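Undergrad:
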Amino acid sequence: MGDLNKQFTVENIEQTLHHFYHNAESQAQANQFLILAQCSPEAWQFAWDLLHPSKPSEVQFFGANTLHLKISKQWDELPPDHYGPLRDRLLAALFTYTCGPKVILTRLCIAMSSFIIQTITEFWPTAVTDLTSAFQPQNIPNASPQQIAHVLLELLTILSEEFQTTHLNAARAAKVKNALRSSLDLVMDLVQSVLSKTSAPADLCEMSLKCYSSWALLGPAILEYKSLLLLTFDSVYRDEVSQTALETLSNIANHPESSKYPTFILEMIDHISNFDVLLKRSSQEYDVDKCNSIYGLIIAVSENHCQLLLNTVLDKPEKKDTILKIIGFILQCSSTPGQYPIDEICSEQAFGFWYTLQDAIVSHQRFESLLLIFHSIFQSLLDAYLVKLRYPPECDYKQWKSDEKESFRCYRQDIGDSIMYCYNILRHAALANLMAHLQIATTVAISNPSQWQYLEACLFAFKEISESVAINESQFIPAFIDHLKNIPLQHIRIISSAMEAIGAFAEWINVHPEVLGCVIPLLLMGLQNAEVAVSATFALKDITRDCYSSMRPFAEQILCACLESLKGNVLKSREKVRVMATVGRVLSIMPYSFIMEYLELLLPSVFDQLQQHFCSKEISANSAIIIVFNLRLLSMLFSTLDTHYQKESTEDDSETESNQIRESNLKLPQPSLCVLEKLLAIFTSIGNDWDVNEQIAEGLCDALKRAISMLSESCKPFLPTMLNLLLHLYKQSPHQSVLDMTKQFLILFLNNEDVKPALSDFFAKICDHTIQLSMKDFRESTNVIESFLQVLEQIIKRAIVFFKVEAVNPLVLFQFGVAALNLPEKPTVKAASGFLAEFITHSREVPNMLNVVNSQGEMLIRQVMKVIGGDSPRSIVEYMPDILMAFNKKYFDNLCRWLVPFTQEDGFPSPKVNQRQKEEFARQVLKERTNKRRLKETVTEFSLLCRGLIGTEYAAQSYQSLS
1 MGDLNKQFTV ENIEQTLHHF YHNAESQAQA NQFLILAQCS PEAWQFAWDL
51 LHPSKPSEVQ FFGANTLHLK ISKQWDELPP DHYGPLRDRL LAALFTYTCG
101 PKVILTRLCI AMSSFIIQTI TEFWPTAVTD LTSAFQPQNI PNASPQQIAH
151 VLLELLTILS EEFQTTHLNA ARAAKVKNAL RSSLDLVMDL VQSVLSKTSA
201 PADLCEMSLK CYSSWALLGP AILEYKSLLL LTFDSVYRDE VSQTALETLS
251 NIANHPESSK YPTFILEMID HISNFDVLLK RSSQEYDVDK CNSIYGLIIA
301 VSENHCQLLL NTVLDKPEKK DTILKIIGFI LQCSSTPGQY PIDEICSEQA
351 FGFWYTLQDA IVSHQRFESL LLIFHSIFQS LLDAYLVKLR YPPECDYKQW
401 KSDEKESFRC YRQDIGDSIM YCYNILRHAA LANLMAHLQI ATTVAISNPS
451 QWQYLEACLF AFKEISESVA INESQFIPAF IDHLKNIPLQ HIRIISSAME
501 AIGAFAEWIN VHPEVLGCVI PLLLMGLQNA EVAVSATFAL KDITRDCYSS
551 MRPFAEQILC ACLESLKGNV LKSREKVRVM ATVGRVLSIM PYSFIMEYLE
601 LLLPSVFDQL QQHFCSKEIS ANSAIIIVFN LRLLSMLFST LDTHYQKEST
651 EDDSETESNQ IRESNLKLPQ PSLCVLEKLL AIFTSIGNDW DVNEQIAEGL
701 CDALKRAISM LSESCKPFLP TMLNLLLHLY KQSPHQSVLD MTKQFLILFL
751 NNEDVKPALS DFFAKICDHT IQLSMKDFRE STNVIESFLQ VLEQIIKRAI
801 VFFKVEAVNP LVLFQFGVAA LNLPEKPTVK AASGFLAEFI THSREVPNML
851 NVVNSQGEML IRQVMKVIGG DSPRSIVEYM PDILMAFNKK YFDNLCRWLV
901 PFTQEDGFPS PKVNQRQKEE FARQVLKERT NKRRLKETVT EFSLLCRGLI
951 GTEYAAQSYQ SLS
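In this text, residue positions in the sequence shown follow the UniProt record's numbering: the first is 1, and each later residue adds one.
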């Protein structure tokens, strides 16, 4: 491949295209040269030479593509006196390629469409009319009338599509749209003239339908062409164009303003109601695509116009049967026979509609009348979903691929949501229905253990409605819970679903604690089986969280089973951590002496393993896993063991045993203090001579964080030990978790004078170490820098007193933040901007910080201007207004002075802006002292100007993101 600086001649471009398509090694360099060629002014000329019919097809394609790029992206290069010749050449090229090749013709249509969009408001307002007149057989003798009509329709279709994807400012877009709309009658007449001819070729009819669909995007006026609507429905019954006709009707039904034409929509619905024969035939012929398209249209119309359907049912009795028939089609879609996703994928289309329908019904003013009308439909939907939910036979399921299993899992969850919608409509009737199904399914499963799928589906359905069932429901849910003891537990999925349902009804069980005797034994049994342990541990965690005050009669039974499972090998690590949550919550309601005795049984193995594996100077991968697991156990215990818990308002205030235990425990220290003491003793015994990795640091910090959150100031005696431990962790493995702990300690003990010196010293050492570490390789330390700056921002906001400490140097921290603005990572720059903005905002509270801003402010402004001017990626410019706004509010006079030098310095912050533009930018910045949004717009516009991007597609997107 040759030099990138060679001339953009036809010969060089052809040679480079050959390399691009046939030489993989030089493809990247060839591509770079071709991009430069397309952007060059010479492209306006060589594009036509490349388009010559004698050239290879890839060369012609590049020529056509170049024309489109020049017209759409670099239109400003073309003088107005060239518009006419360019139009004529484009039209001549379209005539030349009317018979193909198709790929070149399409690119030329796109180029012509871009030309029309650029010129239709001023230079060529009669574009559509002129094109219609030009594409006549006498002008293109080398093509047949059908070919000519096809090209014209394709060009018009692409014109509308190109307008939708071209980035124009709002005013310009409105003008172009209006200009195109003025030709709507002409275009629709052309479409109708084709569709009305029964002898018209299928490909021409298809192109007409696509044109109709495309122009529908230009505005709602197209919905007034009812004769065209009838022709489109007729096309649905023509096999060759049926799919396109259905897609066209869907696009029209989805039009954002179609709701303004209720008569039109109801007319569509009348026609759609006759689709039963079409649906039946498509189903019998196993035409899955046709079925999907038909249902897609029905669902689009019904979902987008749900309120219209409901009002019509109520106000127009003569239309009621038609509307219900349409909804019956959607019910039929949801009930599509076969196993998803193996035999069918059609049924998933309807999920959104059922949500929209139930939401529209329950929020309707006459919802009671609607409930009567739609009751049977939702009953049928519930019955259908209890079938669609079911797993296939196990021998089949084992053959499924992993992505098929995942699709089915997601599908079941969507059905679960829809079952909840059914409940929102049916209420007690849904519960009665599900109980009836459950009883039948239980009988089936008992008589034939291989037929477990029906029962599992019923249990799944009960779980899904749990959030919607009122906690005072007293007829069906007690019967459901009681029925659980009757279900056969011979299949793992039945057991798992039963446990998940129990966990889901935890809030209801809290109000009906009498059922705990039924469910606790089942859940504890699950701890003994690895296959159902996930469901059992989640359910126990939920039950013990929500039924706090009712656990006492079962506490010892639960704790005994948990201790056995924690010491055994049945459960995986994650399950054991969840069991520890159950242990913590249940222990919290036990007498203090019992808690301490239980912990003596539970924790020695945990501490022994930590001691054993921490002692090694080099911790192996296996030891690290064991250490992290045991730290997670302790972390969960710290977060759930709380003997000073707040009593629930519904709890009986009488002198019950539970209340007596609680009152007694409140007088004693939290048991977690003893746990924390033993944990810290391990690190005291081994000193700092142990290996730290990121996972261990994170696990230890998480345990300490949860302990501190629970114990609050009562952990103060252990503060020196914890600070030493954290400092060792941070020096060995700088990690966000240590920085988070730093923030937590400083804020928690902010007003505690006893420990403030130790905390101040700790904070200063963390700052020093972070800066030393980052300076070794600033570019590679972005994660630590980001976390550190976020912590500094929070400390300034909530504990600024630590910035007054002599050992903490605000100047160094400020310069550190300024240096971080140079980094390319967006999150890091965001953190730096946030810290600097807070530093500036609060600096007047601390003399040393005030001195820093006065002495370093101009340097920061210069760095901000470099970022805005193009020294940094465009994506991080959005954070610079935070700094400018802080200066504007707190240092307005200084900012006025600091902005002057940059306006007078040639080429700064970019050679693409002149002094007048810089002065205007400075004026706009100084003007905005409260409106951050307007300041962001000012900064964004100036940054685009500095980068030479004003008027480009990127600029349009940037402005759009601010909207």
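Backbone N, C-alpha and C define an ideal beta-carbon position, used for all residues, glycine too. Keep in mind that this is a model prediction, so the values were computed, not measured.
(1) For the alpha helix (DSSP H) holding Asn630, just list the boundary residues, first then last.
(2) Touching or not, the stretch 554-563 and the stretch 513-532, by the rule of three or more beta carbon pairs under 8 Å?
(3) CA-CA distance, Met741 and Lys705?
(4) Taking Leu230 as the reference, which of Lys260, Ile269 and Pro220 has the closest Cα?
(5) For the 8 Å Cβ check, are there 3 or more pairs between the stretch 488-498 and the stretch 465-474?
(6) Should Phe638 be labelled buried (16 or more other beta-carbon atoms within 10 Å of its own) or exposed?
(7) Tell me the rounded alpha-carbon separation between Leu711 and Pro671.
(8) By Cβ distance, which residues of its chain are closer than 6 Å to Asn292, with the 5 residues on each side in sequence left out?
(9) Give a yes or no on whether the C-beta atoms belonging to Ala64 and Leu78 are separated by under 9 Å.
(10) Under 9 Å between the Cβ atoms of Ile883 and His842?
(11) Going by CA-CA distance only, name the one from Pro604, Leu935 and Pro521 that's closest to Tyr879.
(12) Measuring CA to CA, which of Asp315, Ile425, Gln413 and Ser407 is closest to Leu357?
(13) Okay, do the stretch 755-772 and the stretch 716-734 touch, 3+ Cβ pairs below 8 Å being the bar?
(14) If you draw a straight line from the alpha carbon of Pro56 to that of Pro145, how long is it in whole angstroms?
(15) Select from Ala360, His305, Ile361 and Ile294 the residue whose C-alpha is nearest the C-alpha of Phe329.
(16) Is the separation between the beta-carbon of His613 and that of Ala624 shorter than 9 Å?
(17) Taking buried to mean at least 16 other C-beta atoms within 10 Å of its own C-beta, is Ala536 buried or exposed?
(18) Give the DSSP-derived three-state secondary structure of Trp124 in the structure shown.
(19) From this set, Glu657, Cys715, Leu602 and Val187, which residue's C-alpha is nearest Asn630's C-alpha?
(20) When the Cα atoms are used, what is the spatial distance from Met188 to Cys306?
(21) Since Ile627 and Ile708 are thought to touch, with beta carbons under 8 Å apart, how far apart are those beta carbons, to the nearest angstrom?
(22) Should the stretch 436-446 be regarded as contacting the stretch 367-377, the criterion being three or more beta carbon pairs within less than 8 Å?
(23) So for Glu806, helix, strand or coil by DSSP?
(24) Buried or exposed: where does Glu905 fall if 16 or more other Cβ atoms within 10 Å of its Cβ makes it buried?
(25) Taking DSSP as the reference, what is the three-state secondary structure of Glu793?
(26) So, does the stretch 102-115 touch the stretch 59-76, judging by three or more C-beta pairs under 8 Å?
(27) For Ala300 versus Ala253, is the C-beta spacing smaller than 9 Å?
(28) Starting from Lys319, trace the alpha helix (DSSP H) in both directions and tell me its first and last residue.
(29) Could you check how far apart the C-beta atoms of Gly869 and Pro909 are, in whole angstroms? I think they sit under 8 Å.
(30) Round the Cβ separation of Ile272 and Leu297 to the nearest angstrom and send it over; I've been treating them as touching at under 8 Å.
(31) Along the alpha helix (DSSP H) that carries Met865, what are the first and last residues, could you check?
(32) Return the chain-ordered ranges of every alpha helix (DSSP H) run that is complete within the stretch 175-232 and spans a minimum of 4 residues.
(33) Out of curiosity, what's the CA-to-CA distance linking Thr208 and Met435?
(34) Starting from the Cα of Leu223, find the closest Cα among Thr263, Ser196, Thr198 and Glu247 and give me that residue.
(35) Just tell me which of Thr640, Asp608 and Met636 has its CA closest to the CA of Cys701.
(36) Does the Cβ of Val362 have 16 or more other Cβ atoms within 10 Å, making it buried, or fewer, making it exposed?
TA: In short, the structure shows the following:
(1) That run of the alpha helix (DSSP H) goes Ala621 to Thr640.
(2) These segments touch.
(3) Taking C-alpha positions only, Met741 is separated from Lys705 by approximately 7 Å.
(4) Nearest C-alpha to Leu230 among Lys260, Ile269 and Pro220: Ile269.
(5) The stretch 488-498 makes no contact with the stretch 465-474; the number of CB pairs closer than 8 Å stays below 3.
(6) When all chains shown are included, Phe638 counts as buried.
(7) For the pair Leu711 and Pro671, the Cα-to-Cα distance works out to about 10 Å.
(8) Taken in chain order, the residues that qualify are Cys346.
(9) Result no, Cβ atoms of Ala64 and Leu78 do not sit closer than 9 Å.
(10) In this structure, His842 does not lie closer than 9 Å to Ile883 by Cβ.
(11) Of Pro604, Leu935 and Pro521, the residue nearest in Cα terms is Leu935.
(12) The option with the nearest alpha carbon to Leu357 is Ile425.
(13) Segments in contact, yes.
(14) In this structure, the straight-line span from the alpha carbon of Pro56 to that of Pro145 is close to 27 Å.
(15) Taking only the C-alpha atoms, the option nearest Phe329 is Ile294.
(16) For His613 and Ala624, yes; Cβs fall inside 9 Å.
(17) By the 10 Å Cβ count, Ala536 comes out buried.
(18) It is coil, neither helix nor strand.
(19) The option with the nearest alpha carbon to Asn630 is Leu602.
(20) The C-alpha of Met188 lies about 29 Å from the C-alpha of Cys306.
(21) Ile627 to Ile708, Cβ: 20 Å. No contact.
(22) They do not touch, by the three-pair rule.
(23) Here DSSP, grouped into helix, strand and coil, assigns Glu806 to coil.
(24) When all chains shown are included, Glu905 counts as exposed.
(25) The answer is helix: DSSP assigns Glu793 an H, G or I state.
(26) The stretch 102-115 vs the stretch 59-76: in contact.
(27) Ala253 is positioned such that its CB atom lies closer than 9 Å to that of Ala300.
(28) Boundaries of the alpha helix (DSSP H) harbouring Lys319: Pro317 to Ser334, taken from the DSSP string.
(29) Their Cβ separation, rounded to whole angstroms, is 2 Å, which keeps Gly869 and Pro909 in contact under 8 Å.
(30) At roughly 7 Å, the Cβ-Cβ gap stays under 8 Å, so Ile272 and Leu297 are in contact.
(31) That run of the alpha helix (DSSP H) goes Pro847 to Lys866.
(32) Runs of the alpha helix (DSSP H) inside the stretch 175-232: 184-195 and 202-215.
(33) Per the sequence shown, residue 208 should be read as Ser rather than Thr. Each residue's Cα considered, the two are about 54 Å apart.
(34) Comparing C-alpha distances from Leu223 to each of Thr263, Ser196, Thr198 and Glu247 shows the shortest one belongs to Thr263.
(35) It is Met636 whose Cα lies nearest to the Cα of Cys701.
(36) Classification for Val362: exposed.
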